[in-house]
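Peer 1: So that we are looking at the same thing, I have put the structure below in structure tokens.
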Amino acid sequence: MSKEQRQISKSDKDIESSGTKERFTRSGFILAAIGSSVGLGNMWKFPYITGLYGGAAFFLLFTICLLLIGLPVLIAEMTIGRGGRGSPATSLIRLSGQRIWGSFGVLSIAGAFFIMSFYAVVAGWTLHYAVISFGGAIREGVDVEATFNHFIGGFLPVLWQFVVMLVTGWIVIRGASGIEKFNKVLIPALVLILLFLMVRVLMLPGAGAGVEFFLRPDFSKLSNESVLVALGHAFFSLSLGMGTMMTYGAYVDREQSLGAATLAVGGGDLLYALLAGLIIFPTTFAYGIEPGQGPGLAFVALPAAFSAMPLGWLFGGLFFILLAIAALTSCVSLLEVPIAFAIDRWGWGRNKATVITSALCFLVGVPSAISVGGAVNGLHWGPRSFFDWTDFIASNIILPLGGLVVTIFVGYVWKNVAQQAGLTAGWFMLWLFILRFVAPILILLVFLHSSGLLSFG
Ligand code: PFF
């Protein structure tokens, strides 16, 4: 019997003794998982799609998608991680006894690696903007659009991307306890800055129009498409389908309630998205600026508003620090996924795994960094730049497929799941019902929609 086969046939108890020994504390795990879910997605996509697809009506829909499908899949990922005590690929093999599930695990791991490659680029932009904002470069009279185009057109983004990889690697090299400490400091800082900024911008004259755009319920805007957009975003926002929550789950104590942790993560993510919207729209509307989404929102529209605001350098600087913290805590969770894989599949030490994975991820991210307005800006394949292709393949294809794998694995394949989930009988039946019959169909529709195979006119 090979070493691998022996591992496969081990009982849960043996997995516990042979799997990873790294552990989070209870609060450390919850904060790390909140850190992973709260990210750029909450800041530059969620508020915009909410404003576009029906305000408070969409927020309600998003909340329902998150509670009904997102949280059950989140518990499923955490349960797989805790049950298998390894990287997603190893855990899936250990729990099913079938090697094929390892390949599905590798798909998620590749997804995390590729998301990280371009996510680090944008995280770098936020650091650069925090620096230039505090340095006074975003002020009255400055052409913020030209400033942004000039920045992304050069090589500075590569330098900042390198800084992000360095910081992320420096955290992750310390393992679960390093990740936990980092989040324990940064998440409270994030909350303080968020509240401070929200109070400030809600006092701006004209802020009410922004709140109205963001939250006025318009049920007539809800459609089949809004359901799929809401669900797709719930997945991205909760960091599902990419192995992050399985990887973190492997470091969770047996005694910790996954149901309670999941509620804390879902609630934290929702609240953050709500407060982010209450900063972004009042700011842009108060200065009569078209909000938009993505880079245009964070790096052009908002700086334009900050440049016109009294003490705008301070509020702008704080805003970009907020964005940087949200991005970095997500980066840490993303980089941990391939590192955990290299450690348990190839037997690498954490130092070696961190250095090699970070370096590779940096290299793969360089074309992304210079393909948005930069040296290889002209290099488009079909409709997308390198940056956009990486985002599209990871977020719109791998992510829903990764989510589908999790629902099918827990719903149909994993025999021992009842003992591992730690849910009461009633909740367990409901959970399993959703994972078996509801989530797979909806996730499949999200996949068809986000990959462009299904369109609504
Ligand atoms: N949840 C993060 C955000 O909303 O920005 C992004 C993310 C992190 C997606 C980790 C997927 C992931 F595995």
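Residues 6 to 462 (my numbering) are what the sequence shown spells out, left to right.
Cβ atoms here follow ideal geometry from the backbone N, Cα and C, with glycine treated the same way.
1. Just the Cα atoms here: how many angstroms apart are L268 and L76?
2. Beta-carbon within less than 8 Å of I402's beta-carbon, same chain only, minus the 5 sequence neighbours each way: which residues are those?
3. May I ask you to check if the CB of M208 is nearer than 6 Å to at least one heavy atom of the ligand PFF?
4. Taking the alpha carbon of L409 as the point to measure from, which residue in F64, A81, G56 has its own alpha carbon closest?
5. Within its chain, find whatever has a CB closer than 8 Å to the CB of V270; leave out the 5 residues flanking it on each side and keep chain order.
6. Following the continuous alpha helix (DSSP H) through Q424, name the residue where it begins and the one where it ends.
7. Taking the alpha carbon of Y292 as the point to measure from, which residue in F201, M314, T252, M247 has its own alpha carbon closest?
8. Is V177 near T359, with beta carbons less than 7 Å apart?
9. With H, G and I counted as helix, E and B as strand and the rest as coil, what does DSSP make of R441?
10. Going along the chain, which residues of its own chain have a beta-carbon closer than 6 Å to the beta-carbon of R11, five neighbours each way excluded?
11. In whole angstroms, what is the alpha-carbon distance linking N154 and P300?
12. Which term fits L440, buried or exposed, when burial requires 16 or more other beta carbons within 10 angstroms of its beta carbon?
13. Taking the straight line between their C-alpha atoms, what separation do you get for G297 and L449?
14. Three Cβ pairs or more, each shorter than 8 Å: is that satisfied between the stretch 131–145 and the stretch 314–329?
15. Would you mind reading off the limits of the alpha helix (DSSP H) that contains R87?
16. With the cut-off set at 7 Å, would you say A181 and F29 are in Cβ contact?
17. Under 7 Å between the Cβ atoms of A332 and P162?
18. Roughly how many angstroms separate the alpha carbons of F304 and Y124, rounded to a whole number?
19. Measure from the alpha carbon of S92 to the alpha carbon of each residue in Q103, F119, G107, then state which is nearest.
20. Under 7 Å, do L339 and M121 count as touching if we go by C-beta distance?
21. Indicate the three-state DSSP secondary structure (helix, strand or coil) for R104 in the structure shown.
22. With which residues is R3 paired in a DSSP beta bridge?
23. Please list, in chain order, all residues of the same chain as T362 whose beta carbon is under 7 Å from its beta carbon, the five residues on each side excluded.
24. The alpha helix (DSSP H) spanning A235 covers which residue range?
25. Step through the CB atoms of chain C and report whether any lies within less than 7 Å of the CB of E230.
26. Note the first and the last residue of the continuous alpha helix (DSSP H) segment covering Q166.
27. Measure from the alpha carbon of D223 to the alpha carbon of each residue in F442, F63, S390, then state which is nearest.
28. When you get a sec, list the residues whose CB is within less than 6 Å of any heavy atom of the ligand PFF, chain order please.
29. Measure the C-alpha to C-alpha separation of D393 and A423 and round it to an integer number of angstroms.
30. Got a sec, what are the start and stop residues for the alpha helix (DSSP H) F219 sits in?
31. Under 7 Å between the Cβ atoms of G220 and A115?
32. By Cβ distance below 6 Å, which residues in the same chain neighbour F109 in space, the five residues on each side in sequence not counted?
33. So T320 is in the alpha helix (DSSP H); what residue range does that whole segment cover?
34. Is L404 buried or exposed, if buried means 16 or more other CB atoms sit within 10 Å of its CB?
35. Suppose contacts are defined by Cβ-Cβ distances below 7 Å. Is A281 in contact with T131 by that definition?
36. Assign P210 to buried or exposed, taking buried as 16 or more other Cβ atoms, counted over all protein chains shown, within 10 Å of its Cβ.
Peer 2: According to the structure shown:
1. 7 Å
2. F452, S455, S456
3. no
4. A81
5. I35, A38, I39, S42, L79, L243
6. 422–426
7. M314
8. yes
9. helix
10. Only weak support is given to the placement of R11: the predicted model assigns it a pLDDT of 39, under 50, and the value that follows is read from those uncertain coordinates. Cβ within range, chain order: n/a, list empty.
11. 11 Å
12. buried
13. 28 Å
14. yes
15. 76–89
16. yes
17. no
18. 15 Å
19. G107
20. yes
21. coil
22. Residue 3 is absent from the structure shown; the chain starts at 6 and stops at 462.
23. L340, P343, I344, A347
24. 229–242
25. Absent from the structure: chain C. Only one protein chain is present.
26. 161–177
27. F63
28. S41, S42, G44, L45, G46, N47, A117, I120, F241, S242, S244, M247, T249, S335, S338, L339
29. 40 Å
30. 212–220
31. Sequence check: residue 220 is Leu here, not Gly. Not in contact: L220 and A115 (Cβ atoms no closer than 7 Å).
32. V410
33. According to the sequence displayed, residue 320 carries Phe and not Thr. Taken as a continuous stretch (DSSP letters only), the alpha helix (DSSP H) holding F320 covers 317–351.
34. buried
35. no
36. exposed
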